[in-house]
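Below: one structure, written as structure tokens.
Protein chains: 2
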Amino acid sequence: MGSKANLRLFKPVRAVRLSDVVADRIRQLILQGHIEPGHRLPSERQLAERFGTSRACIREALRQLEQQGIVEIRKGARGGAFVTRVDGESLASSLTLLLKLRRIPIAQVTEARLAIEPVMARRAAQYARPELIEQMAAAIQGMKEHLDSEAEFEQYDDAFHHALGRSQGNPVFEFLAMALLEVIRDAFSGIDYGVDNRRRLMRSHARVFKAIQRGDGVAAERAMVALIKGANRWLAPFIASSAPPASGGNLGED
Amino acid sequence: MGSKANLRLFKPVRAVRLSDVVADRIRQLILQGHIEPGHRLPSERQLAERFGTSRACIREALRQLEQQGIVEIRKGARGGAFVTRVDGESLASSLTLLLKLRRIPIAQVTEARLAIEPVMARRAAQYARPELIEQMAAAIQGMKEHLDSEAEFEQYDDAFHHALGRSQGNPVFEFLAMALLEVIRDAFSGIDYGVDNRRRLMRSHARVFKAIQRGDGVAAERAMVALIKGANRWLAPFIASSAPPASGGNLGED
DNA sequence: TAACGTTTATGGTCAGACCATTCGTAAGTT
DNA sequence: AACTTACGAATGGTCTGACCATAAACGTTA
Chain P
158 MGSKANLRLF KPVRAVRLSD VVADRIRQLI LQGHIEPGHR LPSERQLAER
208 FGTSRACIRE ALRQLEQQGI VEIRKGARGG AFVTRVDGES LASSLTLLLK
258 LRRIPIAQVT EARLAIEPVM ARRAAQYARP ELIEQMAAAI QGMKEHLDSE
308 AEFEQYDDAF HHALGRSQGN PVFEFLAMAL LEVIRDAFSG IDYGVDNRRR
358 LMRSHARVFK AIQRGDGVAA ERAMVALIKG ANRWLAPFIA SSAPPASGGN
408 LGED
Chain U
158 MGSKANLRLF KPVRAVRLSD VVADRIRQLI LQGHIEPGHR LPSERQLAER
208 FGTSRACIRE ALRQLEQQGI VEIRKGARGG AFVTRVDGES LASSLTLLLK
258 LRRIPIAQVT EARLAIEPVM ARRAAQYARP ELIEQMAAAI QGMKEHLDSE
308 AEFEQYDDAF HHALGRSQGN PVFEFLAMAL LEVIRDAFSG IDYGVDNRRR
358 LMRSHARVFK AIQRGDGVAA ERAMVALIKG ANRWLAPFIA SSAPPASGGN
408 LGED
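Going down the list, the protein sequences come from chains P and U. Each position in the first sequence, counted from 1, maps to that position plus 157 in our numbering. Each position in the second sequence, counted from 1, maps to that position plus 157 in our numbering.
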């Protein structure tokens with residue numbers, strides 16, 4: 158009778174990968190604030206010694222942490238693993254990867270944006286502080302001045318959405334919206350919409366901005382809906398298929 | 158004139174990490190559908206030989222891919238790296254990590270849910286198919302029958318939201334909502350709300366369900382708003398602070 | 001002071017070894 | 001024939017020790 162119990166006692170010595178344990182430990186240290194962004198972790202050789210493992214194991218742990226975007230590796234003297242201030246980037250790439258693997262049509266991403274960004278615009282109209290209004294104005298101005306260059310135009314387009322994201326006060330909205338925007342950008346990357354489309358986009362953005370500027374939340378929300386729908390209508394023809402293999406998105410397509 | 162050009166020609170031999178290149182190559186193969194979910198990659202030794210690198214390098218690449226959730230490693234004979242069907246899990250953990258690191262209060266997550274889940278409920282009322290209605294009904298029933306156990310109750314609670322997510326037809330909404338839900342779950346993990354609160358939650362869920370069942374989108378949306386606001390009001394007192402200042406992970410203090 | 005080697009700490013890569021786990025199969029047993 | 005056991009092979013997990021490439025700090029020299 159005792160034999161069965163003994164089996165259990167001797168079994169679970171260690172079933173997990175050592176590099177996972179190391180990654181967890183370091184992640185916890187960062188999460189609990191014991192190591193601040195910008196600071197450097199000990200060198201791989203020192204970590205190996207302190208954790209009592211090999212360098213190979215430490216390196217595998219660092220690859221995980223790097224993939225999560227919480228450390229950044231620099232080489233050479235005074236190099237090493239530096240704790241980063243995590244931004245929405247890794248969230249965005251997670252979402253992009255997921256939607257690509259599942260072959261989700263862009264129209265469905267647009268639908269999701271329609272649930273989020275108009276609310277953000279309304280909130281921005283209420284909460285936006287002067288310096289962020291200023292940033293949005295500058296972004297609109299930048300769009301207006303670079304109608305001839307897709308790359309530069311998009312840069313100011315992004316700047317506008319980022320400023321709007323920060324204006325409305327809730328980082329969760331900001332992160333989600335930026336992730337969705339990156340998915341869109343990825344799907345349309347390398348495409349030139351032409352001057353006319355850029356001008357239409359710029360004017361739609363300007364309408365959103367003006368509503369925010371005068372604190373008119375309802376108008377800002379409506380203008381953002383118009384912007385997103387317009388962008389989808391004008392730009393969808395530029396990608397091969399708005400609804401690849403599997404399922405179909407339903408929006409204002411024809 | 159040739160000297161300057163030659164400098165450029167001889168410089169960029171290889172500045173990137175080899176394991177990153179390997180990870181990219183494998184990721185592309187999967188993205189392009191050359192390897193299907195469920196299938197196995199060659200063994201580490203074979204990959205090392207084919208890519209012309211060491212096993213250590215291959216392993217670092219696999220740690221990245223594993224962290225992204227696109228492969229899963231099993232050991233032993235017939236083991237190896239298997240391509241997984243990626244779900245919303247890695248997106249959820251990305252978001253959880255980001256919000257924890259930035260010390261975002263749960264109240265702001267709730268605000269974001271308010272912009273998304275009510276819309277989903279409205280859509281579900283329109284699109285939900287019978288078998289998913291059935292799943293939601295079963296989830297409600299499960300909640301009703303397990304009011305005495307937090308763990309089991311939450312399981313059915315999750316089941317309801319998952320069914321709702323699948324019902325409304327847009328995977329993007331589903332992924333985002335599940336990620337937000339996991340953030341909430343993580344923040345409240347290990348807490349027992351008590352029978353009374355669970356009963357209130359169950360009734361709120363039931364109201365959402367009934368509206369969806371009879372195809373009343375407007376009512377479903379309103380009921381979901383009430384559910385989320387109610388949950389926040391009833392359950393917020395259970396966490397130390399709805400807006401933590403700086404320190405992390407404080408639940409059972411003082 | 002400025003330019004140029006030198007040193008040194010650190011990550012990047014590799015080869016080779018050994019262990020632990022898991023599965024298939026062959027041998028043995030009932 | 002059916003079940004059990006023991007063995008072998010494939011595979012991931014881990015370690016050791018070495019060498020290279022890079023980049024910053026240091027010292028030397030003009």
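No residue lacks a Cβ here, since even glycine has one placed at the ideal position from N, Cα and C.
On the criterion of 16 or more Cβ atoms from any shown chain inside 10 Å, does residue i qualify as buried, or is it exposed?
i      : result
P:L186 : exposed
P:P287 : exposed
U:Q203 : exposed
P:Q225 : buried
U:S176 : buried
U:S247 : buried
U:L392 : buried
P:D305 : exposed
U:A388 : buried
P:Q298 : exposed
U:E223 : buried
P:M158 : With a pLDDT of 38 at P:M158, under the threshold of 50, the predicted position of this residue should be treated as unreliable, though the coordinate-derived value follows. Exposed: under 16 other Cβ atoms inside 10 Å.
Quick check: the Cα distance between residue i and residue j, rounded to an integer number of angstroms?
i      : j      : result
U:I396 : U:Y350 : 11 Å
P:D373 : P:L333 : 23 Å
U:M293 : U:A264 : 26 Å
U:S250 : U:A336 : 8 Å
P:A172 : U:E229 : 16 Å
U:T253 : P:A363 : 34 Å
P:P394 : P:A368 : 29 Å
P:A238 : U:I215 : 20 Å
U:I348 : U:Y313 : 16 Å
P:V340 : P:V266 : 8 Å
U:A377 : P:A377 : 26 Å
P:L258 : P:R220 : 22 Å
P:A403 : P:G245 : Annotation note: pLDDT 39 at P:A403 (below 50); position unreliable, coordinate value reported separately. The alpha-carbon atoms of P:A403 and P:G245 are separated by roughly 29 Å.
P:Q370 : P:A272 : 22 Å
U:T210 : U:I192 : 21 Å
I'd like the span of the beta strand (DSSP E) that includes residue i, first residue to last.
i      : result
P:E193 : Per DSSP, P:E193 belongs to no beta strand (DSSP E) and is neither H nor E.
U:I297 : Premise fails: U:I297 lies in the alpha helix (DSSP H), 287-302, not in any beta strand (DSSP E).
P:F239 : 237-240
P:R231 : 228-231
Ends of the alpha helix (DSSP H) at residue i?
i      : result
U:I341 : 328-344
P:A363 : 352-370
U:F395 : Taken as a continuous stretch (DSSP letters only), U:F395 belongs to no alpha helix (DSSP H), as it is neither H nor E.
P:L321 : 307-324
U:L258 : 246-258
P:V179 : 175-188
P:P275 : 263-284
Could you list which residues in chain U have their beta carbon closer than 9 Å to that of residue i, in chain order?
i      : result
P:Q221 : R220, Q221, E223, Q224
P:I139 : Outside the displayed span of chain P (158 to 411) sits residue 139 of chain P, for which this structure offers no information.
P:L421 : Since the first residue of chain P shown is 158 and the last is 411, residue 421 of chain P is not available in this structure.
On a CA-only basis, which of the options is nearest residue i? Give me that one, please.
i      : options                        : result
P:Y284 : P:R323, P:G209, P:D181, P:W391 : P:R323
P:R207 : P:V179, P:L289, P:H191         : P:V179
P:M300 : P:I290, P:A316, P:R379         : P:A316
U:V240 : U:E217, U:I183, U:S250         : U:I183
U:A296 : U:R259, U:R360, U:A336         : U:R360
U:F366 : U:T253, U:R231, U:A282         : U:A282
U:L256 : U:A377, U:A344, U:P194         : U:A344
U:A234 : U:R197, U:S211, U:R270, U:L252 : U:R197
P:K232 : U:S200, U:R270, U:R174, U:I348 : U:R174
U:P275 : U:P394, U:K386, U:A393, U:L392 : U:K386
P:P199 : P:R212, P:R259, P:Q189, P:P328 : P:R212
P:R155 : P:L384, P:A218, P:D181, P:R270 : No answer is possible for residue 155 of chain P: the residues shown for chain P start at 158 and end at 411.
P:P194 : P:R220, P:I227, P:A218, P:L222 : P:I227
Listing by chain order, which chain P residues have their CB less than 7 Å from the CB of residue i?
i      : result
U:Q265 : N327, P328, V329
Against residue i, what residues of chain P qualify as contacts under a CB-to-CB distance less than 8 Å, listed in chain order?
i      : result
U:V243 : L254, L255, L258, R259
U:E268 : N327, V329, F330
U:L321 : None at all; the shortest Cβ gap to chain P is about 15 Å.
U:V276 : A272
Using a Cβ cut-off of 9 Å, pull out every chain P residue sitting near residue i, in sequence order please.
i      : result
U:I192 : Simply none; closest approach about 12 Å.
U:R231 : Per Cβ cutoff of 9 Å: no residues; U:R231 is ~12 Å from chain P at best.
U:A213 : A213, R216, E217
U:E188 : Sequence inspection shows Leu at residue 188 of chain U; the Glu mentioned does not correspond to that position. Neighbours of U:L188 on chain P, chain order: L254, K257, L258.
Would you mind telling me which residues of chain U sit closer than 8 Å to residue i, beta carbon to beta carbon, in chain order?
i      : result
P:S346 : Result: empty, since nearest Cβ-Cβ is about 14 Å, beyond 8 Å.
P:L248 : L248, S251, L252, L255
P:S176 : R220
List, in order along the chain, the chain U residues whose C-beta lies closer than 7 Å to that of residue i?
i      : result
P:R216 : E217
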